[in-house]
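Read the structure below first, then the notes.
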Amino acid sequence: MSKYNWTKLKRQFLTGNYTTLKSFSIAIGINYNILRDNAKNWLNEKRQKDDKTTAKILEKSIEKEVDRNTRHLNVWDKFLKLGEHLSFDNIKEAIKNPYGLDNLEKLAKILERVQRGQRLAEGLDKPKQPDSNKDNPIVIHYIDAELSESDIEELLDD
Numbered sequence: 113m114s115k116y117n118w119t120k121l122k123r124q125f126l127t128g129n130y131t132t133l134k135s136f137s138i139a140i141g142i143n144y145n146i147l148r149d150n151a152k153n154w155l156n157e158k159r160q161k162d163d164k165t166t167a168k169i170l171e172k173s174i175e176k177e178v179d180r181n182t183r184h185l186n187v188w189d190k191f192l193k194l195g196e197h198l199s200f201d202n203i204k205e206a207i208k209n210p211y212g213l214d215n216l217e218k219l220a221k222i223l224e225r226v227q228r229g230q231r232l233a234e235g236l237d238k239p240k241q242p243d244s245n246k247d248n249p250i251v252i253h254y255i256d257a258e259l260s261e262s263d264i265e266e267l268l269d270d
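Residue 113 is where the sequence shown starts when you use the working numbering, and the numbers rise one by one after that.
Dropping the structure here:
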């Protein structure tokens, strides 16, 4: 009967932060030569597992980036849709109406925040040190909530 549970030790090596069999043998207190004789191909299996893990992380990172850019494009589409419905006369009327002017100012601020968020997300700008809470970067889902389809329709109906 074997003195060591090699299946358990292999799992421990493959899932641990060990880079060599030598460092693993020292960490668990097994003679290196005994471990080496019983751990054939463990390093290759660990490299393959690490390569798969790295590939999955990279894939998730790319998916997240694509999702973020898609959400930014959706917000831009909302602004374009709103802009297409606003004529010069509608803008002049909105300026005369205090509520309309407030809505235009809100839209301008939201647009500015979306642009800043996109530039920060793309690494084109460095984040400012916020002087107050209003200067913190805006999360895109907050913007989506602030400018929903119903808000656009409401602005168009007014």
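Where is the CB? At the ideal position from N, CA and C, for every residue including glycine.
Can you check which of these residues, K161, F136, V178, is closest to E234 by C-alpha distance? Closest option to E234, Cα to Cα, is V178.
Comparing the CB of E224 with every heavy atom of the ligand FAD, is any distance shorter than 7 angstroms? Within the structure as shown, the ligand FAD is missing, as the structure has no ligands at all.
In angstroms with no decimal places, state the Cα-to-Cα distance between I138 and T132. Spanning the two alpha carbons is a distance of roughly 10 angstroms.
Cα separation between I174 and N145? So the alpha carbons of these two residues sit roughly 43 angstroms apart.
What residue from L223, D162, L170, K172 has the CA that sits closest to N186's CA? Checked all of L223, D162, L170, K172; the closest Cα to N186 is L223.
Can you tell me where the alpha helix (DSSP H) with D149 in it begins and where it stops? 144-150 is the span of the alpha helix (DSSP H), which, as asked, contains D149.
Find the nearest neighbour of Y116 within the set R231, N181, S135, L147, judged by alpha-carbon distance. When each option's Cα is compared against that of Y116, the closest is L147.
Would you call W154 buried or exposed, if buried means 16 or more other Cβ atoms sit within 10 Å of its Cβ? Buried: at least 16 other Cβ atoms inside 10 Å.
Buried versus exposed, by CB contacts within 10 Å (16 or more), G229: So G229 ends up on the buried side.
Distance between beta carbons of W188 and D150, contact taken as under 8 angstroms: The displayed chain sequence assigns Asn, not Asp, to residue 150. Not confirmed; about 60 angstroms, so no contact.
Output the distance between the C-alpha atoms of K190 and H184, rounded to the nearest integer angstrom. Looking at the backbone, the Cα of K190 and that of H184 are separated by about 10 angstroms.
With distances taken Cα to Cα, identify the nearest neighbour of G141 among A167, K238, L219, L121. Nearest option by C-alpha distance: L121.
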